[in-house]
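Enquirer:
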Amino acid sequence: PTMAHSKALLVLENFIGGKFVPCSSYIDSYNPSTGDVYCRVPDSGKEEVEAAVKAAKDAFPIWSSKTPLERSQILNKLADLIERDLEAFAQAESKDQGKTITFARTVDIPRAAHNFRFFASSILHHVTECTEMPSMGCVHYTSRAPVGVAGLISPWNLPLYLLTWKIAPAIACGNTVVAKPSEMTSVTAWMMCKLLEKAGVPPGVVNVVFGTGAKAGEALVCHPDVPLISFTGSTLTAQRITERSAPHCKRLSLELGGKNPAIIFDDADLSQCIPTTVRSSFANQGEICLCTSRIFVQRGIYSEFLKRFVAEAKKWKTGNPSDPSTDVGALISKEHLEKVRNYVKKAQAEGARVLCGEGVDPLALPPGNQKGYFMLPTVIVEVKDESCCMQEEIFGPVTCVVAFDTEEEVIQRANGVKYGLAATVWSSNVGRVHRVAHRLQSGLVWTNCWLVRDLNLPFGGMKASGIGREGAKDSYEFFTEVKTITIKH
Ligand code: NAD
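Under UniProt numbering, the first residue of the sequence shown carries the number 1, and numbering increases by one thereafter.
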């Protein structure tokens, strides 16, 4: 960048031991809705990770010895501060990620605050187990203790939302953390660091190291003093992390990709199903691990469904993310946009038809967004189950619609991918809903709704979608070490 250009750039710093520290090199971060470089992110490596792990280790004795109530009060204060600054966080998330301001205001940032509030509360209510063995004169009980320094690695699609979903339980349980957000979306994590001291989080409890996966991420994964790694991202990266952490026998939590089916039976209430399935396909530009990308519709209602679904998808307005009436913002990067477009091209080359969106409808963008990474909601039909569009995670505003005949057939086809994260089932037959839900290979099944979450309950995927679960009890168990103690009286 030119001097005049670089002056205007936002420059982030690592947050280590309660202080912002500059880095020796930086990487560019783009505004996806304009294509401009607007921010520089530390390109951290081993040295920075080493300093952060040391700070986290030093902070552990004091933080882990605080009572759950003391930690709870601090987490609640942090939630208050994020809520106080909600608008600034939402603006930053939208600019950094490309998502619409409306989504950032109503989903990302409120949930980030809620993550702290939720674990501030749930940490107060765990009970441990106890059993009696009268014949031996013994009672057994379990106790749980924080583990140490947790390494937290998060993706770019829901930046602060997913990072806080890890930080909150980790520190609520008494661990200290070194977090590494995605190099493409680091700004809101940096903004959160500015609130930690005021919230009462002692220095070193939360450290944030910015940079790429290959450098900063791997340094964290390979660090011998980080016994826990909680990762959300792609299946490919998870394989690499598993390999790199294996020599240290680290405890891993892996939240990975999906290729989520929606199964729509002919007795479904289409007035509910259609708008929800459009949302589950295209919300956040289709960049949510839970987004629907394979829609199976029972043959009797296939044409009607398709007509209404496409009409509804076409209503979604694509463009400037800071316009509150926009439904679809920009995709994360130029490379990602290319990748998503290529899936559509491949499908067409295989003989599939694009009913709306990419290459079919005109995309009119305001003058300031001409170089942004935009794509219209795209619906593909006449696509085979073996096609890469039906097998691989696209992670963009693209969904495939296919017909099916029987319950048995659709269960087999829905399960016929390597992933198993989330599924939706639409039917007014309660018996069928239960039967199908039980047989789907999917960590989450939503029937007659989508993305209705109770954070108390387990969240996570089967098969290539992950290992482990997150939630009130599951995250507590992941972020603590259990011990069984036997007392003879
Ligand atoms: P990604 O795997 O490319 O990156 C995720 C994070 O890992 C980033 O911070 C990245 O810098 C880091 N990383 C990359 N290589 C690394 C390495 N070798 N060692 C350590 N860290 C490394 O994923 P992404 O493209 O940022 O995110 C999109 C993916 O995340 C999609 O597959 C999506 O389904 C998945 N996702 C899953 C969930 C879930 O809860 N299951 C939620 C959101 C996103």
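All C-beta atoms, glycine included, are put in the ideal place defined by N, C-alpha and C.
Remember, predicted model here, so these are calculated numbers, not experimental data.
Have a look at Phe282, Arg111, Lys345 and Val49 and flag the residue whose alpha-carbon is nearest the alpha-carbon of Val206.
Expert: The residue labelled residue 206 in the question sits at position 206 within the sequence shown. The shortest C-alpha separation from Val206 is found at Val49.
Enquirer: Between the alpha carbons of Thr2 and His223, how many angstroms are there, rounded?
Expert: Within the sequence shown, numbered from 1, the residue matching residue 2 stands at position 2. Within the sequence shown, numbered from 1, the residue matching residue 223 stands at position 223. Bear in mind that the predicted position of Thr2 carries a pLDDT of just 44, short of 50, making it too unreliable to give a figure here.
Enquirer: Cβ of Asp267 within 8 Å of Cβ of Asn429?
Expert: For the purposes of this step, residue 267 is taken as the residue at position 267 of the sequence shown. For the purposes of this step, residue 429 is taken as the residue at position 429 of the sequence shown. Closer than 8 Å, so yes.
Enquirer: Any beta-carbon of chain D closer than 8 Å to the one on Ser186?
Expert: The chain labelled as chain D is not found in the depicted structure, where only one protein chain is given.
Enquirer: Who are the Cβ neighbours of Thr237 in its own chain at under 7 Å, not counting the five residues just before and after it?
Expert: Residue mapping note: residue 237 aligns to position 237 of the sequence shown, counting from 1. Correct list, in chain order: Gly213.
Enquirer: What first and last residue would you give for the beta strand (DSSP E) that runs through Gln298?
Expert: Counting from 1 along the sequence shown, the entry for residue 298 is found at position 298. Segment Thr292 to Gln298, the beta strand (DSSP E) holding Gln298.
Enquirer: Out of Thr447, Asp385, Arg244 and Leu365, state which residue places its alpha-carbon closest to the alpha-carbon of Gly431.
Expert: On the sequence shown, position 431 is the one that residue 431 refers to. Here the closest residue by C-alpha is Thr447.
Enquirer: What residue does the alpha helix (DSSP H) around residue 541 start on, and which one ends it?
Expert: Here the chain covers residues 1 to 489 and nothing more, so residue 541 does not appear.
Enquirer: Can at least three beta-carbon pairs, one atom from the segment 97 to 107 and one from the segment 129 to 149, be found at a separation below 8 Å?
Expert: Contact fails: fewer than three Cβ-Cβ distances are below 8 Å.
Enquirer: Which full runs of the alpha helix (DSSP H) of 4+ residues lie inside the segment 296 to 348, going along the chain?
Expert: List check, alpha helix (DSSP H) in window: 302 to 314.
Enquirer: I want to check one thing, is the minimum distance from the CB of Ile241 to the heavy atoms of the ligand NAD below 7 Å?
Expert: Indexing the sequence shown from 1 puts residue 241 at position 241. Answer for Ile241: yes, Cβ within range of the ligand NAD.
Enquirer: State buried or exposed for Ala79, treating a residue as buried only when at least 16 other CB atoms are found within 10 Å of its CB.
Expert: Stepping through the sequence shown from its first residue, residue 79 is reached at position 79. Ala79 comes out buried.
Enquirer: Straight-line CA distance for Leu451 to Thr276?
Expert: Within the sequence shown, the letter at position 451 stands for residue 451. Within the sequence shown, the letter at position 276 stands for residue 276. When rounded, the distance between both Cα atoms is 10 Å.
Enquirer: For the alpha helix (DSSP H) containing Ala56, list its first residue and its last residue.
Expert: Within the sequence shown, residue 56 is the residue found at index 56, counting from 1. Segment Lys46 to Ser64, the alpha helix (DSSP H) holding Ala56.
Enquirer: The alpha helix (DSSP H) that contains Val410, what's its start and end?
Expert: Working through the sequence shown from its first residue, we reach residue 410 at position 410. Start and end: Glu407 to Ala414.
Enquirer: Are the CB atoms of Lys180 and Ala150 within a distance shorter than 8 Å?
Expert: Locating residue 150 in the sequence shown gives position 150, where the first residue counts as 1. Locating residue 180 in the sequence shown gives position 180, where the first residue counts as 1. No; because the gap between Cβ atoms is not below 8 Å, this pair is not in contact.
Enquirer: Is Ser465 a contact residue of the ligand NAD, with contact defined as CB to any heavy atom under 7 Å?
Expert: What you label residue 465 is simply residue 465 of the sequence shown in a count that begins at 1. Ser465 Cβ: within cutoff of the ligand NAD.
Enquirer: Considering only heavy atoms of the ligand NAD, does any lie closer than 7 Å to the CB of Trp446?
Expert: As a working note, residue 446 is residue 446 in the sequence shown. The answer is no for Trp446.
Enquirer: In the structure shown, what three-state DSSP assignment does Thr237 receive?
Expert: Translated into the one-based positions of the sequence shown, residue 237 becomes position 237. Residue state, collapsed to three classes: helix.
Enquirer: Name the residue from Lys19, Asp36 and Arg111 whose alpha carbon lies nearest to the alpha carbon of Arg453.
Expert: What you label residue 453 is simply residue 453 of the sequence shown in a count that begins at 1. The option with the nearest alpha carbon to Arg453 is Arg111.
Enquirer: So the alpha helix (DSSP H) Tyr476 belongs to, where does it begin and stop?
Expert: Within the sequence shown, the letter at position 476 stands for residue 476. Start and end: Ala472 to Phe478.
Enquirer: The beta strand (DSSP E) that contains Ile153, what's its start and end?
Expert: Within the sequence shown, the letter at position 153 stands for residue 153. That run of the beta strand (DSSP E) goes Val149 to Ile153.
Enquirer: Specify whether the segment 15 to 25 and the segment 348 to 357 touch according to this definition: at least 3 beta carbon pairs, one from each stretch, less than 8 Å apart.
Expert: No, the segment 15 to 25 is not in contact with the segment 348 to 357.
Enquirer: Please tell me whether, using a cut-off of 7 Å, the distance from the CB of Gly396 to the nearest non-hydrogen atom of the ligand NAD is below it.
Expert: Walking along the sequence shown from the start, residue 396 turns up at place 396. False, no ligand heavy atom lies under 7 Å from that Cβ.
Enquirer: Give me the Cβ distance between Ala104 and Ala88, rounded to the nearest whole Å; I'm assuming they're in contact under 8 Å.
Expert: In the sequence shown, counting from the first residue as 1, residue 104 sits at position 104. In the sequence shown, counting from the first residue as 1, residue 88 sits at position 88. Ala104 to Ala88, Cβ: 11 Å. No contact.
Enquirer: Suppose only complete runs of 3+ residues qualify. What are the beta strand (DSSP E) ranges in the segment 91 to 144, listed by chain order?
Expert: Runs found: 130 to 133.
Enquirer: Classify Gln272 as buried or exposed, calling it buried when 16 or more other Cβ atoms lie within 10 Å of its own Cβ.
Expert: Residue 272 sits at position 272 when you count from the first residue of the sequence shown. With fewer than 16 other Cβ atoms within 10 Å, it is exposed.
Enquirer: Return the residue from the list Glu218, Pro202 and Val201 that minimises the CA-CA distance to Val209.
Expert: For the purposes of this step, residue 209 is taken as residue 209 along the sequence shown, with counting starting at 1. Cα-wise, what sits closest to Val209 is Glu218.
Enquirer: Please identify the residue among Ala349, Gln412 and Thr318 whose C-alpha is closest to the C-alpha of Gln370.
Expert: What you label residue 370 is simply residue 370 of the sequence shown in a count that begins at 1. Nearest C-alpha to Gln370: Thr318.
Enquirer: If you measure between the beta carbons of Ala403 and Asn260, is that distance less than 8 Å?
Expert: For the purposes of this step, residue 403 is taken as residue 403 along the sequence shown, with counting starting at 1. For the purposes of this step, residue 260 is taken as residue 260 along the sequence shown, with counting starting at 1. No, they are not a contact pair.
Enquirer: What's the gap between the Cα of Ala313 and the Cα of Pro377?
Expert: As a first step, residue 313 is located in the sequence shown; it is residue number 313 there, counting from the start. As a first step, residue 377 is located in the sequence shown; it is residue number 377 there, counting from the start. Cα to Cα, the separation comes out at about 6 Å.
Enquirer: Can you give me the C-alpha to C-alpha distance between Ala4 and Cys39, rounded to a whole angstrom?
Expert: In the sequence shown, residue 4 corresponds to position 4, counting from 1. In the sequence shown, residue 39 corresponds to position 39, counting from 1. For Ala4, the predicted model reports a pLDDT of 46, less than 50, meaning its position is unreliable and no value from the coordinates is stated.
Enquirer: Could you please give the first and the last residue of the uninterrupted beta strand (DSSP E) stretch that includes Thr188?
Expert: Residue numbering aside, residue 188 sits at position 188 when the sequence shown is read from its first letter. No beta strand (DSSP E) holds Thr188; the alpha helix (DSSP H) holding it covers Val187 to Ala199.
Enquirer: Using only CA atoms, which one of Gly351, Lys77, Phe479 and Ala330 lies nearest to His114?
Expert: Along the sequence shown, one-based indexing puts residue 114 at 114. Here the closest residue by C-alpha is Lys77.
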